[in-house]
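S.K.:
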Amino acid sequence: MRIAIGSDHRGVELRAKIRAFIEKLGEEVVDLGASGQEPVDYPDIAVVVARKVAAGEVDRGILICGTGIGMCITANKIPGVRAAPCHDDITAELSRRHNDLNVLCLSGDLIGERLADRLVEKWLKTPFDGGRHARRNEKIAQLEGREPAPCEERVGT
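Sequential numbering of the sequence shown, starting at 11, is according to my numbering.
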């Protein structure tokens with residue numbers, strides 16, 4: 011798997027640790043983002059990673075800023091990207107199983123290295139369940155203007 015990982019200045023240290031962890035798992039990493047503590051604007055990093063994911067240049071992306079929220083907001087502006095901040099095992103697993111999340115957003119300030127490694131590993135190894143979840147992702151794609159076929163109108167399933 012090829013994973014793009016980017017961060018602003020608040021995620022530089024965690025990004026380096028996650029990169030090493032992903033490489034230890036045998037995956038390829040495309041490292042993007044800030045190189046030091048000099049402030050940079052997170053949207054500038056998020057859009058590069060998100061566009062690589064949407065274009066299929068990488069399989070998935072990981073974004074890190076102070077909370078993970080700013081990166082998430084930005085990444086989700088790119089059609090084809092499904093990004094969310096994850097902060098525990100359940101959100102990391104269900105983001106893949108139910109949402110086929112292709113961009114994981116993490117907090118450089120609020121989670122430690124061991125938790126980050128656990129979340130990344132869970133997120134990388136968890137498959138998408140498909141089924142009713144695929145139908146829901148198709149509806150999201152319609153909202154982005156990527157899917158011309160009409161979706162079933164269902165509520166509550």
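Glycine included, C-beta positions come from ideal geometry on N, C-alpha and C.
Exposed or buried, which one is residue 62 when buried takes at least 16 other CB atoms within 10 Å?
M.R.: Answer is buried; the Cβ neighbour count reaches 16.
S.K.: Runs of 4 residues minimum, wholly inside the stretch 60-111: which ones carry the alpha helix (DSSP H) assignment?
M.R.: Whole alpha helix (DSSP H) segments, 4+ residues: 79-85 and 99-107.
S.K.: At the level of alpha carbons, what is the spacing between residue 162 and residue 17?
M.R.: At residue 162 the pLDDT is 40, less than 50, meaning the model places this residue with poor confidence; the figure from the coordinates comes in the next sentence. Their backbone Cα atoms lie some 38 angstroms apart in a straight line.
S.K.: Quick one, are the C-beta atoms of residue 131 and residue 35 less than 8 angstroms apart?
M.R.: Yes, these two residues count as a Cβ contact at 8 angstroms.
S.K.: Who are the Cβ neighbours of residue 115 in its own chain at under 6 angstroms, not counting the five residues just before and after it?
M.R.: The answer, listed in chain order, is 73, 78, 81, 82, 93 and 95.
S.K.: Using the Cβ count rule (16 or more neighbours within 10 Å means buried), how would you classify residue 126?
M.R.: Label assigned to residue 126: buried.
S.K.: Here's a check: name, in chain order, each residue in its chain whose Cβ is nearer than 7 angstroms to the Cβ of residue 107, leaving out the five neighbours to either side.
M.R.: So the qualifying residues of the chain are 136, 138 and 139.
S.K.: Using a threshold of 8 angstroms, state whether the C-beta atoms of residue 39 and residue 33 are closer than that.
M.R.: Yes, these two residues count as a Cβ contact at 8 angstroms.
S.K.: Excluding the five sequence neighbours on either side, which residues of its own chain have a C-beta within less than 7 angstroms of the C-beta of residue 167, listed in chain order?
M.R.: Only weak support exists for where residue 167 lies, its pLDDT of 44 falling under 50; the value from the coordinates is given anyway. Once the five neighbours on either side are set aside, the close Cβ partners of residue 167 are 142.
S.K.: Can residue 59 and residue 14 be called in contact, C-beta distance under 8 angstroms?
M.R.: Contact flag set, yes.
S.K.: Exposed or buried, what is residue 88 when buried is set at 16 or more other beta-carbons lying within 10 Å of its beta-carbon?
M.R.: Under this definition residue 88 is a buried residue.
S.K.: At the level of alpha carbons, what is the spacing between residue 153 and residue 11?
M.R.: Cα to Cα, the separation comes out at about 28 angstroms.
S.K.: Near residue 27, what residues of its chain come up, given a Cβ to Cβ distance below 6 angstroms and the 5 sequence neighbours on each side ignored?
M.R.: Around residue 27: 123.
S.K.: Kindly list the residues whose CB is nearer than 6 angstroms to the CB of residue 111, restricted to its own chain and excluding five residues on each side of it in sequence; keep chain order.
M.R.: Result list for residue 111: 92, 94 and 105, in chain order.
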